[in-house]
Every structure is written in C-alpha cells, then in structure tokens.
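Numbering (this note's numbering), first residue to last: 6 to 322. Heads up, the beta-carbon is just placed ideally off N, CA and C, and yes, glycines get one too.
What follows is the structure in structure tokens.
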C-alpha cells in the first residue's frame, strides 16, 4: 500500500477498563465474576472495550495510509522521545490529551474522540473519520493551532515536571504538608493539605471546585444572605488557555503560632514565580494533571520553583 507521505505520526492509545480488570484478575471470566458479584454491569465494560478497540483499528488503518505510523501505549509516554517533526494523535479522553501534551516540545497534537456517544471533551474536537482531511493540513502547516500555557516545577536537584492542567505540591497521603512558601518577596511557614497550581486550560477543573468550595464555606460561616443566594449561580473561574500567568491555591491551610495562612491563593507571573521549600521528612511529592504515579519526590531540603513553562502545547483545533 502506498502512503500519502513519509511524515512521522505517533498514535497514543490506552488500555480500557476491561484490559485493566483482566490484568488484575488474569481472565475475562474472573473479571466478570468480580464485577457481577458486586452488582455491576459487566456488559458495559465489554461494550466500551469493543467500541474503543474498533476505533483503534480504524485509526491505525487511516493513519497508515497517511504517513509513517508508530503506535504507543500511554504508559510509555513519559520515557518516549518524540521526533521534532512528528505529528501526535491521541485517541482517548481529555485527560489522556493533557497527559501527553506536557511531554511534547512544539509538536502538534490532534485529540480524537473514539466514541462521541460515550465521551465528550473540549480537547477532542475530531473523530476518526476526520483524520483523512485534517492530517494533510497539519503536514502542510495550514491547520488551526491553539497554544496552551503550561506550569513548570523545577527542583534544586535539577529535576523538572510540567503540568498542562495543574500541579499538586504536598503529601501523597492524608497528612499535613509542612513547607515555606514565597511569592514576590512575601514568605511564610505553612501547614496544609497541599498546594494546587492551575493553568488556564485547567481552570475549569480543580480551580473551579476550589473556588466553589471556598465561596460556599464563606457564605455559610458569614451568614451573608447575599453570598448564599449566589451559590446557585455557576462562578466562572476560568482564564485563557494561553495566559502568561497561573493561579495557586492552598488547600486547608492551618493557622497557628507556628504557621500562617495569609498566602492562601495568588497569581504566579512571568517575573514572580512561586518558591516552595519542603519541610516534610517523608511523603512529599509534586505531581501533575492527576497522574500520581508520575511525580517528583519533594522531601525536606528540596526547593521547588513553580513558574510558567518556557514551552507551550500546540493543539490542532
């Protein structure tokens, strides 16, 4: 079969829930017994698995005709070296798109929805049937691209982690984090359940829930009827995907004689990074985009500089 071009295409796929159950229980029948024994609908897992794998096969068929294709499971992405001229196609939900985007360096990413009847997502503007028309545009550099700002955590050890939606800095278990926080020359010792740093892309997620919770708690304890009447309204905490700033929020800061809670939230700008020095003897971590397995250890003596990343993600839209 003759290819349309010799352009490099990397297709990122993932395991289905059924795949994960079979790995856990060894066989399909044992997985089925476990789900149905708990009252679950095993057929839903099978239908989802069938739908996704049909989409994978069709995507592979189409992409093989368009360029030099390499298929890669999501688990290999953190250690994979993407060619500078590669076009990356992600077949999955929004979370998979975000998790792949942070490992790219100026390569365009195409988010493809494998089944619109099951999943919706702002980062999945295309279906499999669209690939034949959108890939030639990407190869010709005529497709519409949207820039996405990222967060970056750099440790004093030289280790770096990027976040497309958000970064979490704190304990990996339900204990208090202890650290020193500094922004624009203002600093204090804190104890909390962690710090969330949100990008524009991630501002409709974790940041939105943090703001909603803070408004609800403030309204309840203040007794302010005007605040309480606003709780039924959806508060828009979002900001542009390509913004040159980030927001940070401290979760459950604990004010005491030893710890302060003035720097509970704020803006991280180009010239004003957030500096956090760990005072945790163990369990301190920094992870991004909800992927706890892909983290930086953040133990006592480690210092993290949280800033805007020097690179931006490129989403084909």
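Check	Outcome
Cβ pair count under 8 Å reaching 3, the region 208-216 against the region 248-264	yes
Assumed close pair residue 140, residue 92 - CB separation to whole angstroms, cut-off 8 Å	7 Å
Cβ pair residue 151, residue 211 closer than 8 Å	no
Residues that residue 261 bridges to, as DSSP identifies them	According to DSSP, residue 261 bridges with nothing at all.
Residue 290, enclosing beta strand (DSSP E) - first and last residue	289-293
Residue environment, residue 83, which counts as buried when at least 16 other CB atoms sit within 10 Å	exposed
Beta-carbon proximity check, residue 155 vs residue 317, cutoff 8 Å	yes
Beta-carbon gap between residue 73 and residue 14 smaller than 8 Å	yes
Cβ-Cβ distance between residue 193 and residue 280 below 8 Å	no
Bridge-paired residues (DSSP) for residue 13	73
DSSP-derived helix/strand/coil call for residue 38	helix
Alpha-carbon spacing of residue 102 relative to residue 42, whole angstroms	34 Å
Identity of the residues DSSP links to residue 57 by a beta bridge	The partner list for residue 57 (beta bridge, DSSP) is empty, contrary to what the question assumes.
The region 167-174 touching the region 279-297, judged by at least three CB pairs closer than 8 Å	yes
Member of 157, 283 and 104 whose CA lies at the smallest distance from the CA of residue 275	157
Cβ-Cβ distance between residue 16 and residue 67 below 8 Å	no
Residues that residue 305 bridges to, as DSSP identifies them	DSSP output for residue 305 lists no bridge partner at all.
Residue 241 - DSSP class collapsed to helix/strand/coil	coil
Neighbourhood of residue 126 by C-beta distance below 8 Å, restricted to the same chain and skipping five residues each side	98, 99, 102, 116 and 118
Cut-off 6 Å between Cβ atoms - residues of its own chain near residue 207, not counting five sequence neighbours on either side	170 and 171
DSSP three-state assignment for residue 87, whether helix, strand or coil	coil
Option in 209, 228, 166 and 195 with minimal Cα separation from residue 298	166
Candidates 123, 12 and 308: closest to residue 88 by CA position	12
Residue 22 versus residue 50 - alpha carbon distance	7 Å
Endpoints, alpha helix (DSSP H) assigned at residue 110	No alpha helix (DSSP H) contains residue 110, which DSSP labels as neither H nor E.
Cβ pair residue 228, residue 202 closer than 8 Å	no
Spatial distance of residue 112 from residue 319 (CA atoms)	7 Å
Span of the beta strand (DSSP E), counted from its first residue to its last, around residue 154	150-160
Sheet register partners of residue 279 (DSSP bridge)	188 and 311
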